[in-house]
Every structure is written in structure tokens, then in C-alpha cells.
Amino acid sequence: MKKIDLPLLTDTIFMASVSLLFFFCLFRYYLRSFWAALACALAAAGGVAAATYFLVRRKHRKRQEAGLSSAEIAKLTFHLAMEAPERAVKRLADALSAKHGAQAKILGNRIRAGGTDYYPLFQLEPVSADRIAPIVRAEGDKKAIAAVVLTPDAESLALAFGIAVMNAEEIYALLKETGCLPEEYIAAAKKPKNIKEGLKRRIRKSSYKGYLLAGVMLLLFSLITFFPVYYIVSGSLMLAAAVLVRFFGKA
1 MKKIDLPLLT DTIFMASVSL LFFFCLFRYY LRSFWAALAC ALAAAGGVAA ATYFLVRRKH
61 RKRQEAGLSS AEIAKLTFHL AMEAPERAVK RLADALSAKH GAQAKILGNR IRAGGTDYYP
121 LFQLEPVSAD RIAPIVRAEG DKKAIAAVVL TPDAESLALA FGIAVMNAEE IYALLKETGC
181 LPEEYIAAAK KPKNIKEGLK RRIRKSSYKG YLLAGVMLLL FSLITFFPVY YIVSGSLMLA
241 AAVLVRFFGK A
């Protein structure tokens, strides 16, 4: 059975509901018949919902997958940098052993597997050219560096001497494929909230509910007031803000 994309479904229902209320209030202002206004609103809301589903579906899935992978890679890179060096080296050695089907050998600061000497350089800051220089001078025909990120100078130096580079994405893929990812990650302490963080709440995805409630109430009042134009315009702006915050706000 195909798994239902619940976030996409809820986004579609959200747009359909918002559109239905907006179009009903709009058509009710111009049409005398309640049922005619409702029929037109249902048709328009259905069109908006269908357009939302097909336009957002592919982008929504890509963003979800990319966000998940990026978060997992970030957690792994921090873990490898903070983990005891010997444990991080052993983790990589176990993964290389599984990949090549032969036991990798830990030789000091390098791992020999599949005829290649791998040099783990796990740290929080980008690896500099100074750390690459000893590897360039070391013996061995085939060398590779396992690092989260290199400075441009370090990357150019490695490329000039034929040293392969395993970046964060490749390290994550290797550990995941071989079942060597950590069971529990070392996590950084959460930063205390400040005024700037408080101001950002207004554009977070979760804040769309306030705009939605305000928009719904204003549009509902437009159905019973003698001067509905103000309520329709104001409510529409609130609904537009709710849609923008929900789809483009920060998580």
C-alpha cells in the first residue's frame, strides 16, 4: 500500500478550506442566491486545492527529503567531531571493512582498506591546508581524506596531489549503508532564547494559526454586517498572511 503524504494532504485541505471561505464571502457579496454563491465557491476552492496539490507535491517531497538528510548529516558531523577520536576512527574502519568485504587495518592516524589509506580528519572547523600537508608527504600511492569540509586551499592541495576527499554526505552514506551510524548522537546544548528569536516567531510556520483565526472571524463578520467590504478585504489579507507563513515561514 502506498504511504499517504500526510503533510501534503493537510496543506491541500488547508488551502481548500481557506479558499472556500474566501470565495464564498466574495461571491455572497455579489450574488443574491446563497446556493449560487456556495456552488461558485466550491468550484473555485476545488480548483485552488487541485492546483496546490499538483504544484506543491514534487517540491514538498524534495524539501522534506533534503531537510531530513541535511539534519541527519549535521548531527553525524557534530557527533564525529565530538566523539573520542579512537572511537570515530574505529567507526569509519568498521564501515570500510563492511564496504570492501575485508577487515580494515588501523595504522596510527590512518585506516588501510581496499588498497587505500584513509585519513579521518573529523573536526568542527573546515580542515586547513596545513593539516593536508603531512598527508601529502606520507608514503602511499592511494590516499583519501575523510573530512566534513575542507577550506578551498586544502581542497586544491588535495586535488593537486591526487588525494581523494570523502565529504560529509559521502561519510553519512557510507555509515548508513553499512549500519555503522551512532545509535545515539552527541547533541549540542540548545541556545537560550533571546529577543531576536522572539521576533522571529511571527514568521514561523506555527504562527499561521493566529492569522488564520483573525481572517476567518473577519470574513464571517462580513456575512452579517451592513458594510462587508472592509471585513472582506481585511479578512482576505489575514488569510493571505496565514498561507504565506504556513508555506514559506521558518520551521
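If you count by the UniProt record's numbering, then the sequence shown holds residues 1 to 251, one letter each, in order. No residue lacks a Cβ here, since even glycine has one placed at the ideal position from N, Cα and C.
Exposed unless 16 or more other CB atoms sit within 10 angstroms - verdict on P85: Note on P85: under 16 other CB atoms within 10 angstroms of its CB, so exposed under the neighbour-count rule.
Beta-bridge partners of T116, as assigned by DSSP: Under DSSP, the beta-bridge partners assigned to T116 are A113.
Proximity to D130 [Cα-Cα], best of H79, A37, Y118 and T151: Taking each of H79, A37, Y118 and T151 in turn and checking the Cα distance to D130, the smallest one comes out for T151.
Short Cβ contact (8 angstroms threshold) for I163 with I135: Closer than 8 angstroms, so yes.
Proximity to M21 [Cα-Cα], best of Y30, D11, F122 and S236: It should be noted that the sequence gives Leu, not Met, for residue 21. Nearest of Y30, D11, F122 and S236 to L21, Cα basis: S236.
Length of the line joining the Cα atoms of K90 and L174: Taken atom to atom, the span from the alpha-carbon of K90 to that of L174 is near 14 angstroms.
Stretch pair the segment 75 to 83 + the segment 169 to 183: three plus CB contacts closer than 8 angstroms: Result yes; three or more Cβ-Cβ pairs closer than 8 angstroms.
A45, DSSP secondary structure in three states: Per DSSP, reduced to three states, the secondary structure at A45 is helical.
Presumed contact (8 angstroms Cβ cut-off) between A41 and F23, rounded CB distance: Confirmed, about 4 angstroms.
Distance, S128 Cα to A214 Cα: Roughly 53 angstroms separates the two Cα atoms.
Short Cβ contact (8 angstroms threshold) for S19 with A39: Their beta carbons are not under 8 angstroms apart, which means S19 does not touch A39 by this criterion.
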